[in-house]
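Report on the structure given below.
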Amino acid sequence: MSVEALYKVILYPFITESIASLKAMTNLSGTSGEAFMDNVSDFRFKGYAVCSDVKGSLDGVIMMHHYPETAIAIGNSVCENMFGEAYAQEEINEDLSHALAEWGNTIVGRSTDLHGRYNLDYDFSAPYFVQNMDDMDKYLVGVKEVVTVPITVEGVGRYYFNLLVRSVDYQNAGTKREEASKGIANVHTNPLPKDAKVLLVDDSSMIRKAIKRYLNQLGYNNIIEADDGSVAVEKVKNEAPDFMFMDVVMGEMNGNEALAAIRQMGSNVPVVMLSSVTDKKLVDQCESHGVSGFIFKPIQADKGAEIIANYLKIA
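Going left to right, the sequence shown walks through residues 1 to 315 as my numbering numbers them.
Below is the structure:
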């Protein structure tokens, strides 16, 4: 398969989504360079990568690959954009790790969702992170080609997309970009009372922190949290929240599964779903269990409270 075909079929959605998410989540501007073939024997780990395994007719790994200083600058910008405060961390600490994870998950989630819409003969794993140079050798085992696309971030530096190809037999395919969904609104009109108990469910502590801040700005302070769908089911059973915001993709139990369990046990608590994945089947599944809206991430500090307020309605 040529560089052009690999780029169009596999990399193009990742490149375009990363540049769009870079602007949306950091207010930074990025431009992509030309795709080229890297020399496998000379390929080196730069220090921080978000990865997704590719299986099926194409076997390999896709990496969003940073030098540490670029990752730090982007992580600080994600934090600033989510919380509206200046961040100047000088190393990848817990806050920046969560910020970079949220950015990476958004890009990989939306890109793989876009691939999935076209029934192409390969699948992607959930994203994971590599920060140890010693770990890179195992990803290069059996790799025959490396396709690289540099992304230049204005005023910051570069990051790279690498497609490490072990084998491929998919010859003729194409993809096109679709506009991301803006979300599904809450059609109710009565605002949630300010003393209502709100349950936040997300495996990202950063997302929970951001939404909690938006809720506080709106006058809601009775807030409880859960980091997984299974915990959310127990919280609904034992603490009877009046309203919920719940992520879809989580660890042990996804939000759509938790929603089904919550409805099965007889609770009609209003639930607004959160996700970076815009898959119509998933949205339809959640709607079939009764939801009060669907917010597609990311949510930024400048409009976060306004977005959340538009969903805090009952009846």
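Ideal placement from N, C-alpha and C gives every residue a C-beta, glycine not left out.
- When DSSP states are grouped into helix, strand and coil, L200 belongs to the strand group.
- Proximity to L163 across I307, A35, D279 and I314 peaks at A35, based on C-alpha coordinates.
- Contact between the segment 103 to 118 and the segment 82 to 89 is absent: fewer than three C-beta pairs spanning the two stretches fall below 8 Å.
- In summary, A126 is exposed, with fewer than 16 beta-carbon neighbours lying within 10 Å of its beta-carbon over all protein chains present.
- With a cut-off of 8 Å on Cβ pairs, the segment 36 to 54 is in contact with the segment 142 to 154, counting three or more such pairs.
- The Cβ atoms of F294 and S267 do not sit closer than 9 Å to each other.
- Just so you know, the alpha carbons of V277 and H115 end up roughly 12 Å apart.
- Assigned with DSSP and collapsed to three states, H98 falls in helix.
- If you draw a straight line from the Cα of C79 to the Cα of F245, it comes to about 21 Å.
- The alpha-carbon separation between M136 and K209 amounts to approximately 33 Å.
- Taking every protein chain shown into account, the CB of Y128 has fewer than 16 other CB atoms within 10 angstroms, so this residue is exposed.
- With respect to the 9 Å criterion, A101 and M206 are classified as neighbours on the basis of their beta carbons.
- When C-alpha distances from S167 are compared across V61, V187 and V283, the shortest belongs to V61.
- For the pair of segments examined, the segment 221 to 230 was found not to touch the segment 295 to 307: the number of CB pairs separated by less than 8 Å stays below three.
- Residue pairing by DSSP places H289 opposite no residue, since no beta bridge is assigned to it.
- Restricting attention to beta strand (DSSP E) runs no shorter than 3 residues, the segment 205 to 244 encloses them at 223 to 226, ordered along the chain.
- N222 and E91 have their C-alpha atoms spaced approximately 34 Å apart.
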